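See structure below.
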Amino acid sequence: MNDPAPEVPVPELPAGALADPRFLAAIREELRRFAMLQLRNPEEAEDAVQEALVGALKNAGSFRGEAALRTWVFAILRNKLADVLRQRQRAPANAGEFDGALDQDGMPSAFDQRGKWRENDEPSRWDHPEKALHDRQFLAVFDACLGRLPPQQGQVFMMREVVELETREICEQLGLSAGNVHVILHRARIGLRACLEHNWINPGAGPC
Amino acid sequence: MLNCHEASFLISQAHERRLSLSERMKLRLHLGICRACRNFAADVPLLGKAARALADNDGRQDGKKA
Numbered sequence: 237m238n239d240p241a242p243e244v245p246v247p248e249l250p251a252g253a254l255a256d257p258r259f260l261a262a263i264r265e266e267l268r269r270f271a272m273l274q275l276r277n278p279e280e281a282e283d284a285v286q287e288a289l290v291g292a293l294k295n296a297g298s299f300r301g302e303a304a305l306r307t308w309v310f311a312i313l314r315n316k317l318a319d320v321l322r323q324r325q326r327a328p329a330n331a332g333e334f335d336g337a338l339d340q341d342g343m344p345s346a347f348d349q350r351g352k353w354r355e356n357d358e359p360s361r362w363d364h365p366e367k368a369l370h371d372r373q374f375l376a377v378f379d380a381c382l383g384r385l386p387p388q389q390g391q392v393f394m395m396r397e398v399v400e401l402e403t404r405e406i407c408e409q410l411g412l413s414a415g416n417v418h419v420i421l422h423r424a425r426i427g428l429r430a431c432l433e434h435n436w437i438n439p440g441a442g443p444c
Numbered sequence: 048m049l050n051c052h053e054a055s056f057l058i059s060q061a062h063e064r065r066l067s068l069s070e071r072m073k074l075r076l077h078l079g080i081c082r083a084c085r086n087f088a089a090d091v092p093l094l095g096k097a098a099r100a101l102a103d104n105d106g107r108q109d110g111k112k113a
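Here the protein sequences come in this chain order: C and F. Mapping the first sequence onto the numbering used here, position 133 (from 1) lands on 369, and the numbers just tick up by one. Mapping the second sequence onto the numbering used here, position 26 (from 1) lands on 73, and the numbers just tick up by one.
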């Protein structure tokens, strides 16, 4: 056999940004963090990331820019995560994890005893919030606000809003009642809105 | 009459389930007199959009540096 040895090994993998090891390493880490947030289990997170990347590699060549590719890989990962969460045969015994959210039978601290917004936590008007969605700095603040939520609130919020599971599916996953899920989502939204109030919308207004 | 805590709970739940007629009427009455809850109601959908934007954008900054 005298195949001409190619100077550069012809990549079996598609061209495109995923062939760049630095890009691959960076996006892998981001995917892993995102998967961990959802699954809270390193092995399952790693598996989901692997599968998403394999799925992505099949068509990676058809994506021009890194940004488009990134969006697409994350979309694949989200589908994988939704599958894992749906299929997970997890004993619903983990309700204990949620004690923190449900114990406090009182109200979230944003309200006073009569259930009125505390002055510092009263949502003020947020002008042109849609613009913020394209603002990196805003997204960094939002990320930090998510990170400050009690973990179970962050998890349920992401399951609902990013993985887009229905209440029923979240209940099945986590062994919670629909009422629990509604309370947790309410608290998460109050917490996120308050964090944005103090750090983005009206930063002079209050603590933290 | 709902207080703000109860009103905000209904505002939040409206994203997961259809509120009953009576809940909708009570909420509407409250929103009519409460600017803070109106602001909260306007922003709840934004929180979900921001989470999805973050998931889509996550790490783009790092990518650009590389």
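Backbone N, C-alpha and C define an ideal beta-carbon position, used for all residues, glycine too. Note that the coordinates shown come from a computational prediction; the quantities given were computed from them, not determined experimentally.
CA-CA distance, S67(F) and F56(F)?
14 Å
I need the boundaries of the alpha helix (DSSP H) containing D379(C), first residue and last residue.
372 to 384
Checking contacts by CB at 8 Å: is V309(C) closer than that to chain F?
no
Starting from the Cα of L293(C), find the closest Cα among P387(C), E433(C), F259(C), C407(C) and give me that residue.
F259(C)
Range covered by the alpha helix (DSSP H) that runs through L254(C):
Run containing L254(C): none; DSSP gives neither H nor E here.
Whole-angstrom distance between L369(C) and C381(C), CA atom to CA atom
15 Å
From the beta carbon of K73(F), is the nearest beta carbon of chain C less than 8 Å away?
no
Residues bridged to F347(C) (per DSSP)
W353(C)
Does the contact criterion of 3 or more C-beta pairs under 8 Å hold for the segment 273 to 291 of chain C versus the segment 353 to 367 of chain C?
no
Pick helix, strand or coil for P306(C), following the three-state DSSP scheme.
The amino acid occupying residue 306(C) in the given sequence is Arg; Pro does not appear at that position. Here R306(C) sits in helix by DSSP.
Closer than 7 Å by beta-carbon distance: list the chain C residues that pair up with R99(F), in chain order.
E397, V398
Does the CB of E282(C) have a neighbour CB from chain F at under 8 Å?
no
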